[in-house]
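If you read the sequence shown in full-length UniProt numbering, its first letter stands for residue 1, the second for the next number, and so on.
In this text, a Cβ means the ideal position worked out from N, Cα and C, and glycines have one as well.
Remember, it's a predicted structure, so these values are computed and weren't measured experimentally.
Reading through the C-alpha cells given below for one structure.
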Amino acid sequence: MSSTTVFWTRGRRGGERLSDTAGRTRRRQGRRARSAGGVAKEWFLLINKAATFKRTGPRITLFRWTAWFTAANAVVLMLISVQYLKLMPPPDSALATASLGISYLGHFFSLAFYLFPASALMIALYPRRWAVSGLSAALQLALVLGVVIDTLVFTQYRFHLNGMVLNLLASGAAGEVLPMTGKLWLLLALAVLVGTLAEYAIAWVCWRWVEKRRRSVGGGVALAVTLLVLSTHAVYAWADANYVTSVTSQARYLPAFQPLTAKRLLARLGLAGKREEGGLAIPGPHSGLHYPLEQLSFREPPQRLNLLVIAIDSWRFDNLTAEETPNIWRLSQKAWRFENHLSSGNATRFGIFGLFYGLYGTYWHAVLAEERSPVLMRELLRRDYRMGIYASAPLVSPEFDRTVFADIRGKIDLRTGGDSPAAKDRAITDKMLKFIDAQSARAPFFGFMFYDAPHTQGHPPGVAPFQPELKEVNYLKLNNEYDPRPFYNRYRNSVYYVDTLVGEVLVALEKKGLMEQTVVVITGDHGEEFNDLKLNYWGHGGNFSRYQTQTPMVILWPGKGAHVYSHATTHLDLVPTLMKELLGCRNEPGAFSNGRSLLDTGARPFTVISSWDTFSVNEPDRITVTHPAGDIEVLDAAYRPIRGAAPRPGIAVDAMRGMGKFFAR
1 MSSTTVFWTR GRRGGERLSD TAGRTRRRQG RRARSAGGVA KEWFLLINKA
51 ATFKRTGPRI TLFRWTAWFT AANAVVLMLI SVQYLKLMPP PDSALATASL
101 GISYLGHFFS LAFYLFPASA LMIALYPRRW AVSGLSAALQ LALVLGVVID
151 TLVFTQYRFH LNGMVLNLLA SGAAGEVLPM TGKLWLLLAL AVLVGTLAEY
201 AIAWVCWRWV EKRRRSVGGG VALAVTLLVL STHAVYAWAD ANYVTSVTSQ
251 ARYLPAFQPL TAKRLLARLG LAGKREEGGL AIPGPHSGLH YPLEQLSFRE
301 PPQRLNLLVI AIDSWRFDNL TAEETPNIWR LSQKAWRFEN HLSSGNATRF
351 GIFGLFYGLY GTYWHAVLAE ERSPVLMREL LRRDYRMGIY ASAPLVSPEF
401 DRTVFADIRG KIDLRTGGDS PAAKDRAITD KMLKFIDAQS ARAPFFGFMF
451 YDAPHTQGHP PGVAPFQPEL KEVNYLKLNN EYDPRPFYNR YRNSVYYVDT
501 LVGEVLVALE KKGLMEQTVV VITGDHGEEF NDLKLNYWGH GGNFSRYQTQ
551 TPMVILWPGK GAHVYSHATT HLDLVPTLMK ELLGCRNEPG AFSNGRSLLD
601 TGARPFTVIS SWDTFSVNEP DRITVTHPAG DIEVLDAAYR PIRGAAPRPG
651 IAVDAMRGMG KFFAR
C-alpha cells in the first residue's frame, strides 16, 4: 500500500516535472519563433486590433482619438501643400513671412477640422470604434486626395478646384483638365494606396497614444490650435484694413481659404489705416499676377480724344428705346450700337470690373488683394488725362477705390451726398457739368459717371410717364403670380429720369464744343429681371440669363459713322477696343485682356460671366453654371435644364485657361 502510494506520488511529481520541462521547451521554441517571424505577426495583430477595436468605448475616448487623428491629418495636409508655397512669390517683408507662417498652419488645421463635426455626430449617435474610426479615416483620406488633385490643378491653371473641374474629372474628361500621362495615372494610384496605408497607420498610432496616455496634453494642444486659427483671421483682417497687400495677396494660394475681414470694426477701434497716396502703384517684384502678360507698346494716335464712360446701374438691354431713354436713343442713332451685348457679371462689382479691366470677374479677388489698377487707367494717367470720376453709390463698396481707381483714390470723391439715389444722381450730374465746363480742347480728359437710381427704381416726384406705377415695393409679396407691370413701370420711370440727366451732360459737351473730340460710352453694369423667365427671379445677381446679364452698349466715336452690330460682344471687349482705337496699343488683346475688339465680328464660342461665388460659361445655345458646392447646371436660353447635358470639355478647358492666364507662373 505504501509502495503504491509512493509510486503514484512520485508519478505525479515526475509528471509535474515533465510538464514543467515541456513548458519551458515550448516557451523557448516560442521565443525562437517570434525572433524568426513573430514580429511581423505581432505587428499584424496589433494593426488588426487597432482596426477592429472594441465594439464600444467611452465617448470621451472616441472624441480624444478623433481630435488627435484630425490634428495628425492637418500635418499631412501641410506637408502636401508645400507645393503651393513653391508657386507663391516669396514674402517681401518680415510681416509677410510671419503672416504666411501663421496662415499656413492655422488654415490647414481649420481645413482638417472642418470634417470633425461629422465624426462627432457619429460618436454621439453610434459610439462604436470601428464606425467612428472608419468614417474619420475615409473623410480625411478624401480630403488629402482632394488637396493632392488641387495642387495639380493649381499648378496647371493657377486656380483651385471648382465645380467645373470636378465635373470634368467625374465625367471621364480628366485628360482635358490635366495631361493624364501614364506616369501621372501611376502617381495618382500610388497616392491612393499610400494615402490609405498612411491613414491606417495614423489611426493605429493615435489609438496607441490615446490608450497609453491617461493624462493627456490634448487640452493645451487644442488651445494652441484655436489661438493659431484665430490669429490667422485676425492678421488677415488687420492687413486688409491697413492695405497690406503683401499679406492679403497670399490668400488665393491656400485652397478653400476664406479669411475674415473687419474693416469697419477695426476703423471704429482706430486700428484701420489709410492707403498711402503717391501716384501709380508699382507692382512688387513678387506679384502673384502677371498682368499684362508683356510690355505694352503704342503708336501715337492721330488725335488725342477725350473719353467719357457713363454706366447706368441695372440697365436692361430692352430699355434703350425712344420712349424710355429719348436722349440716349438719339445719340445711338449716330453711334455704334451693340444689340447682343453681355456684361461680365450679374452684379455690380463684376460688371464694372470687366468693363475697366477686360478680365473675367474671377480675377477680382486677386486684383483687389494686390490693389492693381487696370492697364487702361494706367495709360490714361501716363498721358496726363484729367480725371472726373463721379459715382452715386460709394466707390468703396464694392472696392473700386482699391481696384479700378486705386492709383487716384486720394484725388476723387469716394462718396456722394444726398438723401436718395435719385438725389445723388442729380449731384453727380452737377459735378460732371462743372467738370466739363472747366475743360479745354488743349488737354484730354477722362470722365466716369455711375448712375444708381434704377438699382432702387427711384425717381423724383413728377417724373413718372409710365403708368400704372408701384408706389412702394414690398419685396415679400414678390412671387411667381405677382403682376410685374407696375413694378416694372417704376423701374422704367427711374431709367427715364437718368436719361434726362444724361441728356444734360450731352448738351454740355455740345455747348462746350467737346462732342467732336470725345468718345462717349454709355452702358449698364448688368441687367434687371422682373420674373421674365417665370421662375420667380427678381432683380439681379440670381441667375445668368439675358435678363440679368444683357445690357445696352452705345459708343459715339468722333469721325466714325453710325452702325448697328448684332454679333456677340461683352464688357470684356471695351478695354481692347479703347486700347487700340483710342490709345494706339500695338499688342494683341490677349496680352492684357480676356476679351477682344468690339468690332471683331467673328464667331464667339463662349464668354464667362461672374457672380459672388458662382460663374457661368455662356455659349450661343446654352448656359453652364458652376456653383460653389461643385454642382453644375447646363441650361437653355429659358434657363431650363437641358436633360442629359454636360459641360463641353473643350469649352470648359478654354474657360479655365482664361481664368488662370494672368496669374504668375
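Exercise. What's the call for Val221, buried or exposed, on a 16-neighbour Cβ count within 10 Å?
Worked result: In the sequence shown, residue 221 corresponds to position 221, counting from 1. Answer is exposed; the Cβ neighbour count stays below 16.
Problem set entry | Cβ contact check for the stretch 603-613 and the stretch 557-571: 3 or more pairs under 8 Å | Yes, they touch.
Problem set entry | Touch test, the stretch 491-507 against the stretch 304-321, Cβ-Cβ under 8 Å, three pairs minimum | Yes, they touch.
For this session: Name the residue from Pro641, Tyr363 and Asp384 whose alpha carbon lies nearest to the alpha carbon of Ser344.
Result: Here residue 344 is taken as the residue at index 344 of the sequence shown, counted from 1. Residue Tyr363 is the option with its Cα nearest to Ser344.
Exercise. Contact check, Glu371 vs Ala406 under 8 Å by CB: the rounded distance?
Worked result: Translated into the one-based positions of the sequence shown, residue 371 becomes position 371. Translated into the one-based positions of the sequence shown, residue 406 becomes position 406. With 8 Å as the limit, Glu371 and Ala406 qualify as a contact, their Cβ atoms being about 5 Å apart.
Exercise. Which partner residues of Asn489 appear in the DSSP bridge assignment?
Worked result: Taking the sequence shown and counting its residues from 1, one reaches residue 489 at position 489. Residue pairing for Asn489: DSSP places it in no beta bridge.
Exercise. Are there 16 or more other CB atoms within 10 angstroms of the CB of Ile389, so buried, or fewer, so exposed?
Worked result: What you label residue 389 is simply residue 389 of the sequence shown in a count that begins at 1. In summary, Ile389 is buried, with 16 or more beta-carbon neighbours lying within 10 Å of its beta-carbon over all protein chains present.
Exercise. Per DSSP, Asn306 forms a beta bridge with which residues?
Worked result: By one-based count along the sequence shown, residue 306 stands at place 306. Its beta-bridge partners are Thr518.
Problem set entry | Arg349 versus Phe257: straight-line alpha-carbon distance, rounded | Position 349 of the sequence shown, counting from 1, holds the residue named residue 349. Position 257 of the sequence shown, counting from 1, holds the residue named residue 257. Within the model, the alpha-carbon separation for Arg349 versus Phe257 is close to 21 Å.
Problem set entry | Assigned exposure category for Tyr236 - 16 Cβ within 10 Å defines buried | Taking the first residue of the sequence shown as 1, we reach residue 236 at position 236. With 16 or more other Cβ atoms from the protein chains shown falling within 10 Å of its own Cβ, Tyr236 counts as buried.
For this session: Indicate whether Trp538 and Leu478 have their beta-carbon atoms separated by less than 8 Å.
Result: As a working mapping, residue 538 is identified with position 538 in the sequence shown. As a working mapping, residue 478 is identified with position 478 in the sequence shown. In this structure, Trp538 sits near Leu478, with a CB-CB distance shorter than 8 Å.
For this session: Kindly indicate the opening and closing residues of the alpha helix (DSSP H) around Trp130.
Result: What you label residue 130 is simply residue 130 of the sequence shown in a count that begins at 1. Under the DSSP assignment, Trp130 falls in the alpha helix (DSSP H) whose first and last residues are Arg129 to Tyr157.
For this session: Could you round the C-beta distance between Tyr451 and Ile312 to whole angstroms and report it? I think they count as a contact, below 8 Å.
Result: On the sequence shown, residue 451 is found 451 positions in, with the first residue counted as 1. On the sequence shown, residue 312 is found 312 positions in, with the first residue counted as 1. That belief holds up - the Cβ atoms of Tyr451 and Ile312 are roughly 5 Å apart, short of 8 Å.
For this session: Determine the extent of the alpha helix (DSSP H) in which Phe63 is found, giving its start and end residues.
Result: By 1-based counting over the sequence shown, the position of residue 63 is 63. Residue range Arg59 to Ile80 is occupied by the alpha helix (DSSP H) that includes Phe63.
For this session: Could you tell me if Asp150 is buried or exposed, where buried requires 16 or more neighbouring beta carbons within 10 angstroms of its beta carbon?
Result: By 1-based counting over the sequence shown, the position of residue 150 is 150. Around the beta-carbon of Asp150, 16 or more other beta-carbon atoms lie within 10 Å, marking it buried.
Exercise. Terminal residues of the continuous beta strand (DSSP E) containing Arg386?
Worked result: Counting from 1 along the sequence shown, the entry for residue 386 is found at position 386. Arg386 to Ala391 is the span of the beta strand (DSSP E), which, as asked, contains Arg386.
Exercise. With distances taken between CB atoms, is the gap from Phe108 to Thr70 smaller than 8 Å?
Worked result: As a position in the sequence shown, residue 108 is number 108, starting the count at 1. As a position in the sequence shown, residue 70 is number 70, starting the count at 1. Contact flag unset, no.
For this session: Determine the contact status of Ala234 and Ala272, defining contact as a CB-CB distance below 8 Å.
Result: Translated into positions along the sequence shown, residue 234 becomes position 234. Translated into positions along the sequence shown, residue 272 becomes position 272. Between Ala234 and Ala272, the C-beta spacing is not below 8 Å.
For this session: Output the distance between the C-alpha atoms of Val634 and Arg648, rounded to the nearest integer angstrom.
Result: Mapped onto the sequence shown, residue 634 falls at position 634. Mapped onto the sequence shown, residue 648 falls at position 648. Answer to the nearest angstrom: the Cα atoms are 10 Å apart.
Exercise. How far does the alpha helix (DSSP H) with Ile328 in it reach, from first residue to last?
Worked result: Residue numbering aside, residue 328 sits at position 328 when the sequence shown is read from its first letter. It spans Pro326 to Ser332 - the alpha helix (DSSP H) in which Ile328 sits, taken as one unbroken run.
For this session: Thinking Phe663 and Gly288 are a contact (beta carbons under 8 Å), I'd like their distance in whole angstroms, please.
Result: On the sequence shown, residue 663 is found 663 positions in, with the first residue counted as 1. On the sequence shown, residue 288 is found 288 positions in, with the first residue counted as 1. The C-beta separation of Phe663 from Gly288 comes to about 6 Å, placing the pair in contact by the 8 Å criterion.
Problem set entry | Cβ-Cβ separation, Met78 to Gln250 (assumed contact under 8 Å), whole Å | Residue 250 sits at position 250 when you count from the first residue of the sequence shown. Residue 78 sits at position 78 when you count from the first residue of the sequence shown. No, Gln250 and Met78 are not in contact; Cβ-Cβ is about 15 Å, not under 8 Å.
For this session: Return the chain-ordered list of same chain residues with a C-beta closer than 7 Å to the C-beta of Gly660, the five sequence neighbours on each side being excluded.
Result: Residue 660 sits at position 660 when you count from the first residue of the sequence shown. Excluding sequence neighbours, Gly660 sits near Tyr157, Arg158 and Phe159.
Exercise. Whose CA, out of Gln303, Arg546, Leu598 and Val217, lies closest to the CA of Leu355?
Worked result: In the sequence shown, residue 355 corresponds to position 355, counting from 1. Of Gln303, Arg546, Leu598 and Val217, the smallest CA-CA separation from Leu355 is found for Leu598.
For this session: Please work out which residues of its chain come closer than 8 Å, Cβ to Cβ, to Glu324, disregarding the five sequence neighbours upstream and downstream, and give them in chain order.
Result: Residue numbering aside, residue 324 sits at position 324 when the sequence shown is read from its first letter. Short of 8 Å from the beta carbon of Glu324, and not among the five residues preceding or following it, lie these beta carbons of its own chain, in chain order: Phe466, Arg492, Val495, Tyr496 and Asp499.
Problem set entry | As assigned by DSSP and simplified to three states, the class of Thr551 | Position 551 of the sequence shown, counted from the first residue, corresponds to residue 551. If DSSP states are grouped into helix, strand and coil, Thr551 belongs with coil.
Exercise. Whose CA, out of Asp483, Gly650, Ser119 and Phe592, lies closest to the CA of Tyr357?
Worked result: Reading the sequence shown from its first residue, position 357 is the one you call residue 357. For the options Asp483, Gly650, Ser119 and Phe592, the alpha carbon positioned closest to that of Tyr357 is the one of Phe592.
For this session: Take every Cβ of the stretch 515-531, pair it with every Cβ of the stretch 295-309, and state whether three or more of those distances are shorter than 8 Å.
Result: Counting Cβ pairs under 8 Å, three or more are found: they touch.
Problem set entry | Those residues which DSSP pairs with Trp336 across a bridge | Residue numbering aside, residue 336 sits at position 336 when the sequence shown is read from its first letter. Note: Trp336 sits in a beta bridge opposite Ile555 and His563.
Exercise. What's the gap between the Cα of Pro628 and the Cα of Gln333?
Worked result: As a working note, residue 628 is residue 628 in the sequence shown. As a working note, residue 333 is residue 333 in the sequence shown. Looking at the two C-alpha atoms, the distance is approximately 43 Å.
For this session: Tell me whether the beta-carbon of Ser246 lies closer than 8 Å to the beta-carbon of Ser103.
Result: Position 246 of the sequence shown, counted from the start, is the residue given in the question as residue 246. Position 103 of the sequence shown, counted from the start, is the residue given in the question as residue 103. Between Ser246 and Ser103, the C-beta spacing is not below 8 Å.
For this session: Answer with buried or exposed for Pro461, where buried requires no fewer than 16 other C-beta atoms within 10 angstroms of its C-beta.
Result: Residue mapping note: residue 461 aligns to position 461 of the sequence shown, counting from 1. Pro461 is exposed by the Cβ-count criterion.
Problem set entry | Cut-off 6 Å between Cβ atoms - residues of its own chain near Ile623, not counting five sequence neighbours on either side | On the sequence shown, residue 623 is found 623 positions in, with the first residue counted as 1. Answer for Ile623: Phe544, Ser616 and Leu635, listed in chain order.
Problem set entry | Extent of the continuous alpha helix (DSSP H) to which Thr429 belongs | Position 429 of the sequence shown holds residue 429. Under the DSSP assignment, Thr429 falls in the alpha helix (DSSP H) whose first and last residues are Pro421 to Asp437.
Exercise. Can Arg665 be considered in contact with the ligand ATP, in the sense that its beta carbon sits closer than 7 Å to one or more heavy atoms?
Worked result: No copy of the ligand ATP appears in this structure; indeed no ligand is present at all.
For this session: Keeping to the same chain, check which residues put their C-beta closer than 7 Å to that of Thr61; ignore five residues upstream and five downstream.
Result: Taking the first residue of the sequence shown as 1, we reach residue 61 at position 61. So the list reads Val210, once near-sequence residues are dropped.
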